[in-house]
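This report concerns only the one structure given below.
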Amino acid sequence: MSLTVKQADGAALTARIVQDLPRSYASLGDAFFSRLPATPIPAPYLVGFSAETARLLGWPADAADDPALIEYFAGNLSRDLATEALPIATVYSGHQFGVWAGQLGDGRALTLGEIEHLGTRFEVQLKGAGLTPYSRMGDGRAVLRSSIREFLASEALHALGVPTTRALCVIGSALPIRRETVESAAVVTRIATSFVRFGHFEHFYARKRPDLLQQLADHVIERLYPACRNASDPYLALLEAVTLRTADLVAHWQAVGFCHGVMNTDNMSIAGLTIDYGPYGFLDGFDAAHICNHSDSSGRYAYDQQPQSAYWNLFCLAQGLLPLIGGKQGALRDAEDSQASEAAIAAAQNALEPFKERYTSQYQSRLRAKFGLGTQQDGDDALMQRLFGLMQACHADFTLTFRRLSKLSRDAGGDPALDNGPVRDLFLDRPGFDAWAADYRARLQSEGMDDVQRAAAMNQVNPKYILRNHLAEQAIRQAQNKDFSEVERLLLVLRHPFAEQTDAEAAYGGLPPDWAQALEVSCSS
Ligand code: AMP
Ligand code: MG
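The numbering used here puts the first residue of the sequence shown at 6, with every later residue one more than the last.
Here it is in structure tokens:
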């Protein structure tokens, strides 16, 4: 597909989103996907557009003014591609809530093709573009509500520095979609260096196709982990590299209070990106066991379970890669020869081993930065955990606690109400907080930074603005009434989560209102 985008100076820019770039996912062959057109939606309209994502593709910020672009990202033009290849829906499998679910696949996503800009290749994918051979019981669609949530969260996480798929735009339509109630349809365009999931590997393992598994692994190594090619066992090296990226990702989630909500293996990115935003949530009042997904009755994917869940998922990936591990010069073990050798199993387990240490060191260093501690000292861990204990007991807001902590001076005047400032107001247990603050203050004395330096450093890692559910909900409700200005405003605030943005504080930087308690989000909307 060649898309002509008009630039500000009126010149036309031809943006080529194509299926035939060398080493593309589409070049892997028919066993990996089905080709089909998107199903058009009536009267598409633009709901949200990320100028920053457009820039990644080399497009102007006003690219969305072009009606052809809206038709294209609505999925309405892909049938016209008489000569060029159709989009692809990829096949994968996975473990859902700890249980093998068999074949899943892109049930409502279609990859239009790839685009290269400044040396980076991006896959461009529509989500909610209609039925595919993998839709199972679903309708292939996404509703406006969940599409706005994915759009905003992708861009918000990116602004926080967390690796994620990116969102380019949301296109809406009056097409009715039945969920718990009837809602309207939307299509999100998202981009990523790769949309390959752990579940893609599990799929070809389960199908006993080590040949396809190797093709997939070679593709991923070539595109995402080129350094693994030179390792003595490239597939083992791949497993180790994915293990480290996944550990880093989850440590970052924990540090910003992000809960994914559905960490099934089909929602785990081989590139270490946050992918498939569904019933995600950011922590408001701190609860280590917070469950953001209303359908997750056992709390499998609760906030404090995320590191463990990621590790569990890596075991599934390791199992998927077993037929490739320990092969000599590409000579594959026959997957029919049911049991992988003990040596391969031991090697795979070894490759996962660094997870715990990597996760812990990444998380600890992010945590120290959140507390403004530039050095590592005995007792730091206990001190930090004590604050989490108080936050848990008082249900203190996660984001505001850390943001306000930066205002605490290391010199006390003697009146805790004044000394401990606005952060103290978040804790009902004032004496408990004051006692902790005294110890924290004592600890700060041994830091080289003065208050101003420390506050500046802390404010670079402790966001002031996060995508709280109620903020997304306000933007969604207005968008459902055809007013998209709040989607745009919120996107702009979330672009700079660490900046003061004083005029945004009252509307976006405060505690959630009472009505936010009643908001529920669940799977596959
Ligand atoms: P999720 O956990 O929401 O990422 O989705 C799990 C599986 O269900 C994937 O194969 C999705 O493509 C599929 N799926 C989710 N929602 C729908 C839908 N509305 N129509 C078709 N497939 C869907
Ligand atoms: Mg998914």
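Cβ coordinates follow ideal geometry from the N, Cα and C atoms, glycine included. Source: prediction; values computed, not measured.
For residue i, the residue or residues it bridges with in DSSP
i, result
"P181", "S189"
"L115", "L131"
"H208", "According to DSSP, H208 bridges with nothing at all."
"L51", "I176"
"S98", "Q108"
"N474", "None; N474 has no bridge partner."
"A440", "Note: A440 sits in no beta bridge, so no partner."
"D402", "G290"
"R171", "I196"
"A147", "A191"
"S39", "A94"
Residue i versus the options, residue with shortest Cα-Cα distance
i, options, result
"N464", "G283, E358, K375, E119", "K375"
"Q220", "V192, A36, G331", "A36"
"Q354", "L244, D488, K132, G99", "L244"
"K361", "Y240, A349, Q313", "Q313"
"A294", "S527, L319, F263", "F263"
"L388", "R500, A440, L117, A345", "A440"
"I226", "Q311, L218, P239", "P239"
"G112", "A56, L41, P181", "L41"
"G124", "G143, L26, D67", "L26"
"S451", "G377, D70, V104, S274", "G377"
"A106", "E76, N269, Y230, A66", "N269"
"L357", "S370, V247, A20, V267", "V247"
"P328", "E155, D402, A349", "A349"
"Y285", "R154, L254, S302", "R154"
"L449", "A222, R195, A66, K412", "K412"
"I176", "I196, A147, V167, V187", "A147"
"L497", "G143, A20, A56, I481", "A56"
"R195", "Q24, F78, H265", "F78"
"N272", "G34, G204, A484, A521", "G204"
C-alpha gap between residue i and residue j, whole angstroms
i, j, result
"L410", "A161", "22 Å"
"R202", "A90", "23 Å"
"A460", "M454", "9 Å"
"S300", "L495", "27 Å"
"V192", "R183", "15 Å"
"L51", "L82", "16 Å"
"F38", "L131", "15 Å"
"D416", "A256", "32 Å"
"L74", "A236", "43 Å"
"P72", "S29", "28 Å"
"G332", "L241", "10 Å"
"D85", "A114", "Reliability of the predicted coordinates at D85 is poor, the pLDDT of 44 falling under 50, and no value is obtained from them."
"L173", "A59", "6 Å"
"R391", "F503", "25 Å"
"G80", "A68", "17 Å"
"E525", "E185", "12 Å"
"D444", "P436", "13 Å"
"E510", "E491", "15 Å"
"A462", "V104", "43 Å"
"D385", "A447", "12 Å"
"Y282", "M396", "27 Å"
"Q108", "D309", "29 Å"
"Q382", "S370", "12 Å"
"V129", "F200", "9 Å"
"F438", "D456", "19 Å"
"R141", "A480", "31 Å"
"F156", "G418", "47 Å"
Nearest-angstrom Cβ-Cβ length linking residue i and residue j, presumed shorter than 8 Å
i, j, result
"P468", "L165", "6 Å"
"T251", "A315", "5 Å"
"F206", "L319", "Between L319 and F206 the Cβ distance is about 11 Å, and since that is not below 8 Å, they are no contact."
"R373", "L249", "Rounded, the Cβ-Cβ distance is 20 Å, inconsistent with contact."
"T198", "F127", "6 Å"
"D434", "C399", "6 Å"
Close beta carbons around residue i, own chain, < 6 Å, minus the five adjacent residues each side
i, result
"G63", "H122"
"T169", "S159, L162, H163, L278, T279"
"G135", "A43, T44, G145"
"F407", "K375, N467"
"I471", "F287, T404"
"G110", "V96, Y97, Y139"
"F102", "R305"
"I93", "A31, F38, R40, T116"
Nonlocal neighbours in the same chain, by C-beta distance under 7 Å from residue i, ignoring five residues either side
i, result
"P517", "D289, R473, H475"
"A179", "P47, A48, S189"
"Y368", "A256, Q259, A260"
"F489", "V52, G53"
"L217", "A36, F209"
"A307", "A294, H295, I296"
"S527", "P284, N298, H299, S300"
Close beta carbons around residue i, own chain, < 8 Å, minus the five adjacent residues each side
i, result
"A352", "D238, L241, I330, G331"
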